[in-house]
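Peer 1: Pasting a structure below so you can have a look.
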Amino acid sequence: MSLVETSEARKARLLALKARKESRSVNGAGLIKNRNFDPESRTLKKHAAANDDVEMVDTVEKNIEGLAEEVIQEDEEKRAEELNVFNIAPKRPNWDLKRETDKKLAKLERRTQEAIHTLIRQRLAAQKGDSDDIVGAMKAQERADKDEEDGSDEE
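Structure representation (structure tokens):
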């Protein structure tokens, strides 16, 4: 059901209830009203205008009368703004590429550094005449360290 149908159904129920209430008061089987007694303050009321017959002006239907149209209009305005290409395009065109590749590059950077260290060790080993493998490079490095220690002890 839409809001309009719901409000119409509610209005019909309220009118039926009001008609039933009036028919009971005409027949004499109506509710007893304490028109001069205020149960909240427990005192007698002063005579004022007939408050029982005044209809409620502030209703839910009147409060939300133009609300649906306003919401639809605001939604259409937001959709029109969303279709603007400048609002969709990122400020930096390659931000998503950087976001995806940063994690992978961190791993690759570590592996690159390890490979560089290995190559340096192999070159050092090759210069000293040892084998090309890592073990040879490490042995050559150990020999170089021992030679430096021995050279500093002789002085």
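Residue numbers for the sequence shown, in UniProt numbering: 1 to 155.
Where a beta carbon is used, it is the ideal one built from N, C-alpha and C, also for glycine.
1) List the whole-angstrom C-beta distance separating Arg121 from Met138, where the pair is believed to meet the contact cut-off of C-beta under 8 Å.
2) Check whether the Cβ atoms of Asn36 and Lys45 lie closer than 7 Å to each other.
3) On the three-state DSSP scale, how would you describe Asp53?
4) Among all the DSSP beta bridges, which residues are the ones paired with Thr43?
5) With burial defined as no fewer than 16 other Cβ atoms inside 10 Å of the residue's Cβ, what is the status of Ala19: buried or exposed?
6) Are Ser7 and Glu61 close, meaning C-beta to C-beta below 7 Å?
7) Going by DSSP in three states, Ala59 sits in which element: helix, strand or coil?
8) Under a three-way DSSP split, which group does Glu65 fall into?
9) To the nearest angstrom, how far is it from the Cα of Asp102 to the Cα of Asn63?
10) Taking Cβ positions, are Ala125 and Ala140 nearer each other than 7 Å?
11) How far does the alpha helix (DSSP H) with Arg123 in it reach, from first residue to last?
Peer 2: In short, the structure shows the following:
1) 7 Å
2) yes
3) Low local confidence applies: a pLDDT of 49 at Asp53 is under 50, so the model's placement there is unreliable, and no value is given.
4) Asp38
5) exposed
6) yes
7) The residue asked about is misnamed: residue 59 is Thr in this sequence, not Ala. In the structure shown, Thr59 sits in coil (DSSP, three-state: anything other than H, G, I, E or B).
8) coil
9) Computed Cα separation, rounded: 54 Å.
10) yes
11) 95–128
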